[in-house]
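Student:
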Amino acid sequence: MKRVAYIFITSIIIGTILLNFSSCANTTAAPTGGDKDTIPPVLLKVEPAQRKINFPITDNKVTLTFNEYTVVKNANDILLSPPQKKRIKTKVKGKSIVVTFQDTLILDRTYTLSFGGSALADNNEGNPFGKFVYTFSTGEIIDSMYFTGTVMDAKTLLPKKGVLVSVYTDFSDSALFKSLPYAATKSDDWGYFALTNIKPQKYRIYAVEDLNNNNIYDPATEQVGFIGDYFQPTLVVNDTVPELALYDMKDTIGCRSRRSDFNILMFKESGATHKVKSVGRPSLRECYVKFQSSNAEVESITFSGIPEKDLIKQFNPTKDSLSIWINDKGYLPDTLFAHIKYMKSDSTNKLILSDEDLKFAMEKKPFVADQKKEAWDTSVVMTIISTPENIDQDGYKFEFGFPIVEKNYDKLTYQSISPRGDTINEEYKIVPDLQDIKKFALKQKNKMQEGYTYHLTVRKGCFIDINGLPNDSTYISTKLPSEDGLSTITLLCKGVYKRYIVDLVSENREKVFRSYTIDEDILLEFPYLKEGKYSIRITEDGNKNGIIDIGSLLDHRQPEKVLLYETPSGETIIEVKPNIEINQTIDLLEMFR
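Given below as structure tokens:
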């Protein structure tokens, strides 16, 4: 028994020693638990030191050393200003990020090396390092002037993130297409930018989408914006300026409080060269001509064997596409030939009257063995839109696949039924769409009334299109909205001295709830609004074409001016609560001053 007890006690002692030895020896094993690391890397040192002068123009590098292993997460979020033709190179060396410049730097120039919020992150959990700007000079001084601004989409007025904002001392029109900028920065999530550490001299200011990250404007694919006048900065960089602080993009109050010197509106240019881009014939009696640029000028277009009176022509609103329909029920060959006279760009980009022969061949559709007969083979393609919230203003919107050449309104009935059950034949008017001959609206002459039900009946054969096909019978029943909680915004527009387009839009500007075109002082109503956030967008429609005209870089023409109405408290968002009436006054003369 003593021997057994001895062996048992000895085994326990040996096991305990081995267990302790194993625990002590396993000093390199990863911990098996604990909280997730959420702390970003900490920058310990930068070499050369921040604001280094006489920085070498060749064989140079910048080393950022951190408290933990850090990697380059998004190289496109690192920007050297002024940019170089060859991109900077980065590599990880221990706990350091080493940045080298592949091109020779410019002598006597101040540079900024900017790391955006997504550029660097720790190696383990991917915690972003955040924004950081390193400044140095290849001369004796650090240039200290700066200016700020906001980049927005010209149509929506929403901020544009990641746009390259640059300045040029080359004032030629070709500079933006051919040369790198004098200095550059990028806009943040709010479309805001601060271009710092530049000399006190005159510049031209541009903004470019720079989708391919080459720091040069590509008009074929990229949006552009510009400030028309020359600009010379007067503000000096210092640590106390709020707009130069590195803000958290979630800090709404802080980000919105930053002072902005400029608003730059971004737009997509049409091609600068005027010529025929393509032609097509999607159906037997339909052709189109597309042009390289907007505002095409066509003197005439004639088709072989087809009288001019049988042609229906219409440009789209931007005048870069011409649609032609043939109102002839007779035989048409698979290929049509036409002759066009129009203003075309010559080799010097000067517009001259030119002649060109065009060929329109039927577009062949792939054959499918069990292909069913298309609906438009036997009847008119017709869509009728009746939105309860807008029907009192817009009426019933008719849209057809082809132009209508015969209208038999005796086959159309429009009636209302009162809450008491009385049936009334309502008077209506037909309002053509000035931008599309395939569209029109049916609007009630008298004011539509709440509680009434409106019935529109369109019997077969009411409309005949250029193919000789009739519409199918259609019946639509509509009522004005009557649910509880709806609200109204009433807008008194004064100081109206031009034509304007007034839109009530959603907070993100993607949806238009109601739109008015005005050219005199007027009271506008926006009824049947559900609880939510809205904005009022106003466009200065100078040429009265009903659209926002884009700008031109070479012509130094800005897009048509679009502004958001600001409430007396300075807000562009109107918050609508249930069952309220909001009254606002807008002085457009003051607003568009």
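For the sequence shown, the working numbering assigns the number 654 to the last residue and increments by one with no breaks. Beta carbons are placed, not taken as given, at the ideal position from N, Cα and C, and that holds for glycine.
(1) For residue 492, list the residues DSSP reports as bridge partners.
(2) For residue 588, which three-state DSSP category applies?
(3) If contact is defined by three or more beta carbon pairs under 8 Å, each pair taking one atom from either stretch, is the segment 521-528 in contact with the segment 545-553?
(4) With DSSP run on the structure shown, which of helix, strand or coil describes residue 463?
(5) How big is the Cα-Cα spacing for residue 311 and residue 190?
(6) For residue 272, count neighbouring C-beta atoms within 10 Å of its own C-beta (all shown protein chains included) and say buried if the count is 16 or more, exposed if not.
(7) Excluding the five sequence neighbours on either side, which residues of its own chain have a C-beta within less than 8 Å of the C-beta of residue 618, listed in chain order?
(8) Just list the residues that DSSP pairs residue 386 with in beta bridges.
(9) Report the option in 588, 576 and 104 whose CA atom is closest to the CA atom of residue 608.
(10) Kindly indicate which three-state DSSP category residue 315 falls into: helix, strand or coil?
(11) Of all the beta strand (DSSP E) runs that stay within the bounds of the segment 237-282, which reach a length of 3 or more residues?
(12) Would you list, in sequence order, the uninterrupted beta strand (DSSP E) runs of no fewer than 3 residues that lie entirely inside the segment 129-157?
(13) Can you look up residue 472 in the DSSP assignment and give me helix, strand or coil?
(14) In this structure, does DSSP put residue 218 in helix, strand or coil?
(15) Does DSSP classify residue 452 as helix, strand or coil?
(16) Buried or exposed, going by whether 16 or more other CB atoms sit within 10 Å of the CB of residue 335?
(17) Look at the alpha carbon of residue 344 and the alpha carbon of residue 651, and state the distance between them as a whole number of angstroms.
(18) Assuming residue 285 and residue 248 make a contact with CB atoms under 8 Å, what is their CB distance in whole Å?
(19) Beta carbon of residue 557, beta carbon of residue 586: below 8 Å?
(20) Exposed or buried, what is residue 369 when buried is set at 16 or more other beta-carbons lying within 10 Å of its beta-carbon?
(21) Looking only at its own chain, which residues have a Cβ that is under 6 Å from the Cβ of residue 588, when we skip the five neighbours before and after it?
(22) I need the DSSP call for residue 303, collapsed to helix, strand or coil.
(23) Tell me which same chain residues have a C-beta within less than 7 Å of the C-beta of residue 232, skipping the five on either side of it?
(24) Nearest to residue 405 by alpha carbon, out of 394, 396, 360 and 392?
(25) Is the distance from the Cβ of residue 229 to the Cβ of residue 291 below 8 Å?
(26) Put residue 651 into one of helix, strand or coil per three-state DSSP.
(27) With C-beta atoms as the reference, is residue 179 less than 8 Å away from residue 222?
(28) Quick one: what does DSSP say residue 353 is sitting in, helix, strand or coil?
(29) Which one of 513, 257 and 356 has the shortest CA to CA distance from residue 206?
(30) Can you pull the DSSP bridge partners for residue 583?
(31) According to DSSP, is residue 432 part of a helix, a strand, or is it coil?
(32) Does the distance from the C-beta atom of residue 562 to that of residue 600 stay below 8 Å?
(33) Sorted by chain position, which residues of the same chain lie with C-beta nearer than 6 Å to residue 389's C-beta, five sequence neighbours on each side aside?
(34) By the DSSP assignment, the beta strand (DSSP E) with residue 595 in it spans what residues?
(35) Considering only their Cβ atoms, is the gap separating residue 507 from residue 488 smaller than 8 Å?
(36) Residues in the same chain with beta-carbon distance under 8 Å from residue 382, minus the five sequence neighbours each way, listed in chain order, please.
Tutor: Concretely, from the data shown:
(1) Position 431 of the sequence shown holds residue 492. Looking at the DSSP assignment, residue 492 forms a beta bridge with 502.
(2) Along the sequence shown, one-based indexing puts residue 588 at 527. Strand, per DSSP.
(3) With the cut-off at 8 Å, the segment 545-553 and the segment 521-528 do not touch.
(4) Mapped onto the sequence shown, residue 463 falls at position 402. DSSP places residue 463 outside both helix and strand once states are collapsed to three, so it counts as coil.
(5) Here residue 311 refers to the residue found at position 250 of the sequence shown. Here residue 190 refers to the residue found at position 129 of the sequence shown. The straight-line gap separating the alpha-carbon atoms of residue 311 and residue 190 is approximately 16 Å.
(6) Translated into positions along the sequence shown, residue 272 becomes position 211. The residue is exposed, with fewer than 16 neighbouring Cβ atoms inside 10 Å.
(7) Indexing the sequence shown from 1 puts residue 618 at position 557. Cβ neighbours of residue 618 beyond the five flanking positions: 612.
(8) Taking the sequence shown and counting its residues from 1, the one referred to as residue 386 is at position 325. Residue 386 pairs with 347 and 373.
(9) If you number the sequence shown from 1, residue 608 lands on position 547. The closest CA to that of residue 608, considering only 588, 576 and 104, is found on 576.
(10) Stepping through the sequence shown from its first residue, residue 315 is reached at position 254. In the structure shown, residue 315 sits in a helix (DSSP, three-state: H, G or I).
(11) Listed in chain order, the complete beta strand (DSSP E) runs (minimum 3 residues) inside the segment 237-282 are 244-247, 253-259 and 265-269.
(12) Along the segment 129-157, the beta strand (DSSP E) occurs as fully enclosed runs of 3 or more residues at 131-133, 139-142 and 150-154, listed in sequence order.
(13) Taking the first residue of the sequence shown as position 1, residue 472 is located at position 411. Here residue 472 sits in helix by DSSP.
(14) In the sequence shown, the residue the question calls residue 218 occupies position 157. Three-state result, residue 218: coil.
(15) Translated into positions along the sequence shown, residue 452 becomes position 391. Here residue 452 sits in helix by DSSP.
(16) Taking the first residue of the sequence shown as position 1, residue 335 is located at position 274. Looking at its Cβ environment, which holds 16 or more other Cβ atoms inside 10 Å, residue 335 is buried.
(17) For this step, residue 344 is matched to residue 283 along the sequence shown. For this step, residue 651 is matched to residue 590 along the sequence shown. C-alpha separation (whole angstroms): 51 Å.
(18) What you label residue 285 is simply residue 224 of the sequence shown in a count that begins at 1. What you label residue 248 is simply residue 187 of the sequence shown in a count that begins at 1. Distance from residue 285 to residue 248 at the Cβ level is roughly 14 Å; contact not present, criterion being Cβ atoms closer than 8 Å.
(19) The residue given as residue 557 occupies position 496 in the sequence shown. The residue given as residue 586 occupies position 525 in the sequence shown. The beta carbons of residue 557 and residue 586 sit no closer together than 8 Å.
(20) Within the sequence shown, residue 369 is the residue found at index 308, counting from 1. With a 10 Å radius around the Cβ and a threshold of 16 neighbouring Cβ atoms, residue 369 comes out exposed.
(21) Position 527 of the sequence shown, counted from the first residue, corresponds to residue 588. Its chain contains 549 as the residues whose beta carbon lies nearer than 6 Å to that of residue 588, once the 5 sequence neighbours on both sides are disregarded; these appear in chain order.
(22) Within the sequence shown, residue 303 is the residue found at index 242, counting from 1. Correct three-state label for residue 303: helix.
(23) Translated into the one-based positions of the sequence shown, residue 232 becomes position 171. When the five nearest sequence neighbours on each side are left out, the beta carbons in the same chain lying within less than 7 Å of the beta carbon of residue 232 are those of 265, in order along the chain.
(24) Residue 405 sits at position 344 when you count from the first residue of the sequence shown. Looking from the CA of residue 405, the closest CA among 394, 396, 360 and 392 belongs to 360.
(25) What you label residue 229 is simply residue 168 of the sequence shown in a count that begins at 1. What you label residue 291 is simply residue 230 of the sequence shown in a count that begins at 1. No, they are not a contact pair.
(26) Walking along the sequence shown from the start, residue 651 turns up at place 590. Three-state result, residue 651: helix.
(27) Residue 179 sits at position 118 when you count from the first residue of the sequence shown. Residue 222 sits at position 161 when you count from the first residue of the sequence shown. Result no, Cβ atoms of residue 179 and residue 222 do not sit closer than 8 Å.
(28) The count along the sequence shown starts at 1 and reaches residue 353 at position 292. In the structure shown, residue 353 sits in coil (DSSP, three-state: anything other than H, G, I, E or B).
(29) Locating residue 206 in the sequence shown gives position 145, counting from the first residue. Nearest C-alpha to residue 206: 257.
(30) As a working mapping, residue 583 is identified with position 522 in the sequence shown. The partner list for residue 583 (beta bridge, DSSP) reads 554.
(31) One-based indexing of the sequence shown puts residue 432 at position 371. Here the model assigns residue 432 a pLDDT of 48, short of 50, so the residue's position is not dependable and the matter cannot be decided.
(32) As a first step, residue 562 is located in the sequence shown; it is residue number 501 there, counting from the start. As a first step, residue 600 is located in the sequence shown; it is residue number 539 there, counting from the start. For residue 562 and residue 600, yes; Cβs fall inside 8 Å.
(33) Taking the sequence shown and counting its residues from 1, the one referred to as residue 389 is at position 328. Taken in chain order, the residues that qualify are 371.
(34) Here the question's residue 595 lines up with position 534 in the sequence shown. Element bounds for residue 595: 593-601.
(35) Position 427 of the sequence shown, counted from the first residue, corresponds to residue 488. Position 446 of the sequence shown, counted from the first residue, corresponds to residue 507. Between residue 488 and residue 507, the gap from beta carbon to beta carbon is short of 8 Å.
(36) If you number the sequence shown from 1, residue 382 lands on position 321. 349, 350, 351, 352 and 376, listed in sequence order.
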